[in-house]
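Residue numbers (my numbering), protein chains in the order written: chain A, 1 to 309; chain B, 310 to 618.
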DNA sequence: CATTGCTTGACAATACTTAGACATGGAGTT
DNA sequence: AACTCCATGTCTAAGTATTGTCAAGCAATG
């Protein structure tokens, strides 16, 4: 956005109030008392705020809410306000710390083989943080930790199985909450291809997409290609997402993916995620699929797809 | 579509009004006052709008509806209007919009007396946004709307009862998720005093506190003072929170609150919330209780208590 | 001829502006 | 504890600006 655009006077008081979460009263009071901003005026004398004004007021409100007094804040230039807001975020809370607490509580419970407690911790985390944050900061971290503990030998197969069962239950529960999401969303099929028995990645992706408003059909793990194809065609999907964790990408899998890719409607996108997919990125490119390296990537890609409609 | 086609004058006022969602009156007023468009004229002098005109008017209406003032918009070229319309979706920012969507979906469901759908919407909102945001932006707004609709007569008693049942179920579900929160949190008792049969405020407070990590004992509505006292003492609470919505604060209630306040351990704080509590702030101050006006207030107060330990 | 549209002028409802007053709650002081 | 002072959010009142709506009288359309 060019500077001339950002500093062009545009927004009325009412609009500015909406954008900043302040009230017109407060906007005028702050201006009168502290000159926090000096909006331009219309021909008739009404205030016209620029984008920069709005940005500044947003920051001021945030800092004011957290206890700084507005009289002092008023004199501070925009750049410094931005820095303060960033610092505030790190210092004060909150989300980061809490997410970490949940992760370690989950790992503890898994270590103690306390499935009920693990489930409670995960449900609490999901509900407290909201699904997107839960997936990003708790679920994926916990899975990584458990996987790592398993490969290092500090966690046994029993631990891994317990975690598997509980995670599947919790993610399934969330997915079911989004169940009848209605007609609004674009459609997506999620599964893992044949011999891929690790379904976590797929579950995470399914839940992430559902939380973004997609109408997700989760087909589960180890699914024959023809099944995936016929489901996708029958439902009329905008995309198919597969998770590939293990075993490594071999000739059979490549052939399967080729079949799938060429069998899909051209408007439907094929997306591949998971550790093995990232590792074999180059070879997989031949299938015409998009490789996503993280949940964030996946979300971004979904977004782009949705815009394109 | 070729330019000559798009800019060819074609549509009558009536048609243009239908296409843009404006009225012929407004079309003429906007043209007379701001020259928002300058349609061609027929031989007899009647307006003939082109496709481009219609497109421009559509955008203008959209932006005008969202609070921009038409006098300012009128001078902006088409391309910039398009950009603004796109930005508008982003500017009215992510979380807020999603929360708003959930609120209106909830209100819709309540209007249709579709309890199952209402429950699904609320659960989805809670899980998507996380409990704190859900309480602040969906639950309290929906309750306010429903209460308002009821007092205005646009919603019947049946609507109100349905909403009551569903909200109680959903909030109860969340509360139960936090159930065995363990040893970490300070303890809090939440209830409504005798004759206070509206338990929403209390439920909201209970859930908010639980999400903040408190060990909450929710005792429900219409509870005799001795019961509250003995529970509080037995559990060893840091605070007691009561919701007072209706009826108004009278002598009996004042006496009850005095009894409660003096019976509590001095280290335990008594907190009063709800519409009636805010209204009777002055008289209630005599009880030594803290009056909280909003969920945010309540959270802040809990925070202070927790720090002080 | 009935319907629709044109122009001009007026009116009313919002929304905005300024100046000032008031209430509250925290910080200091006595 | 009682007191004042100050910072700040909220409200009022009276005037102005903006904008939607309407009416009257005439013209065009079909």
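Don't be surprised by glycine CBs; every beta carbon is placed ideally from N, CA and C. If you're wondering where the values come from, they're calculated on a predicted model, not measured in any experiment.
**Request:** Name, please, each residue of chain A whose Cβ falls closer than 8 Å to the Cβ of residue 409 of chain B.
**Result:** Within chain A, no residue comes near residue 409 of chain B; the closest Cβ sits about 12 Å away, beyond 8 Å.
**Request:** Could you tell me which chain A residues have their CB closer than 7 Å to the CB of residue 437 of chain B, listed as they occur along the chain?
**Result:** 130, 131, 211
**Prompt:** Residues in its own chain within less than 8 Å of residue 427 of chain B by CB, not counting five upstream and five downstream?
**Reply:** 415, 418, 419, 471, 472, 475
**Prompt:** Taking Cβ-Cβ distances below 8 Å as the criterion, which residues of the segment 496-530 of chain B are in contact with chain A?
**Reply:** 520
**Request:** Give the straight-line distance between the Cα atoms of residue 197 of chain A and residue 483 of chain B, rounded to the nearest whole angstrom.
**Result:** 33 Å
**Prompt:** How many Å lie between residue 336 of chain B and residue 257 of chain A at the Cα?
**Reply:** Distance between the alpha carbons of residue 336 of chain B and residue 257 of chain A is about 56 Å.
**Presumed contact (8 Å Cβ cut-off) between residue 397 of chain B and residue 375 of chain B, rounded CB distance** = Indeed they touch by this definition, with Cβ atoms about 6 Å apart.
**Request:** Specify the secondary structure class of residue 289 of chain A as computed by DSSP and reduced to three states.
**Result:** coil
**Asked** Touching or not, the segment 227-234 of chain A and the segment 152-162 of chain A, by the rule of three or more beta carbon pairs under 8 Å?
**Response** no
**Asked** Run through DSSP, which three-state label would residue 527 of chain B get?
**Response** In the structure shown, residue 527 of chain B sits in a strand (DSSP, three-state: E or B).
**Request:** Taking residue 305 of chain A and residue 186 of chain A to be in contact with their CB atoms under 8 Å, please state how far apart those CB atoms are, rounded to whole angstroms.
**Result:** 7 Å
**Request:** Buried or exposed for residue 608 of chain B, please, with buried defined as at least 16 other CB atoms from any protein chain shown within 10 angstroms of its CB.
**Result:** buried
**Asked** Hey, residue 73 of chain A and residue 135 of chain A: beta-carbon distance below 7 Å or not?
**Response** no
**Prompt:** From the beta carbon of residue 478 of chain B, is the nearest beta carbon of chain A less than 7 Å away?
**Reply:** No, no contact with chain A.
**Prompt:** The beta strand (DSSP E) with residue 190 of chain A in it runs from where to where?
**Reply:** 187-191
**Message:** Among the candidates A:214, A:40, A:191, whose CA atom is the shortest distance from the CA of residue 319 of chain A?
**Reply:** Residue 319 of chain A cannot be examined here, being either before or after the span of chain A that is shown, 1 to 309.
**Request:** Assign residue 603 of chain B to one of three DSSP states: helix, strand, or coil.
**Result:** Reduced to three states, the DSSP call for residue 603 of chain B is coil.
**Item:** Nearest to residue 550 of chain B (by Cα), restricted to the options B:561, B:373, B:586
**Value:** B:586
**Request:** Compute the distance between the beta-carbons of residue 272 of chain A and residue 284 of chain A, then report whether it is under 7 Å.
**Result:** yes
**Request:** Measuring only between beta-carbons, confirm whether residue 103 of chain A sits less than 7 Å from chain B.
**Result:** no
**Asked** CA-CA distance, residue 529 of chain B and residue 583 of chain B?
**Response** 15 Å
**Request:** Buried or exposed for residue 290 of chain B, please, with buried defined as at least 16 other CB atoms from any protein chain shown within 10 angstroms of its CB.
**Result:** This structure does not reach residue 290 of chain B, given that chain B is present from 310 up to 618, and the question cannot be answered.
**Asked** Are residue 202 of chain A and residue 216 of chain A closer than 7 Å when you measure CB to CB?
**Response** no
**Request:** Please confirm whether residue 363 of chain B and residue 328 of chain B have their CB atoms less than 7 Å apart.
**Result:** yes
**Prompt:** residue 548 of chain B lies in the beta strand (DSSP E); which residues open and close that run?
**Reply:** 548-552
**Asked** Using 7 Å as the limit for Cβ to Cβ distance, is residue 309 of chain A near chain B?
**Response** Only weak support is given to the placement of residue 309 of chain A: the predicted model assigns it a pLDDT of 47, under 50, and the value that follows is read from those uncertain coordinates. Chain B contact via Cβ: absent.
**Proximity to residue 319 of chain B [Cα-Cα], best of B:441, B:350, B:488, B:442** = Among B:441, B:350, B:488, B:442, the Cα nearest to that of residue 319 of chain B is on B:350.
**Asked** Of all the residues that make up the segment 347-361 of chain B, which are near chain A by a beta-carbon distance shorter than 8 Å?
**Response** Cβ contacts with chain A come from no residue of the segment 347-361 of chain B.
**Item:** Any chain A beta carbon closer than 7 Å to residue 432 of chain B
**Value:** Taking Cβ atoms only, chain A reaches closer than 7 Å to residue 432 of chain B, which makes this a yes.
**Asked** Can you find a C-beta in chain B that's less than 7 Å from the C-beta of residue 301 of chain A?
**Response** no
**Request:** Would you decide whether residue 83 of chain A is buried or exposed? Buried here means 16 or more other CB atoms lie within 10 Å of its CB.
**Result:** exposed
**Prompt:** So with Cβ pairs under 7 Å, would you call residue 427 of chain B a contact of chain A?
**Reply:** No, residue 427 of chain B does not count as interfacial toward chain A.
**Asked** Under 6 Å from any heavy atom of the ligand ADP, does the C-beta of residue 173 of chain A make it?
**Response** Ligands are entirely absent from the displayed structure, and the ligand ADP is therefore not among its contents.
**Prompt:** Thinking C-alpha only, which one of A:244, A:288, A:239 is nearest residue 259 of chain A?
**Reply:** A:288
**Cβ of residue 12 of chain A within 7 Å of any chain B Cβ** = yes
**Message:** What ranges does the alpha helix (DSSP H) occupy inside the segment 71-123 of chain A, keeping only unbroken runs of at least 4 residues that lie completely in it?
**Reply:** 78-92, 95-111
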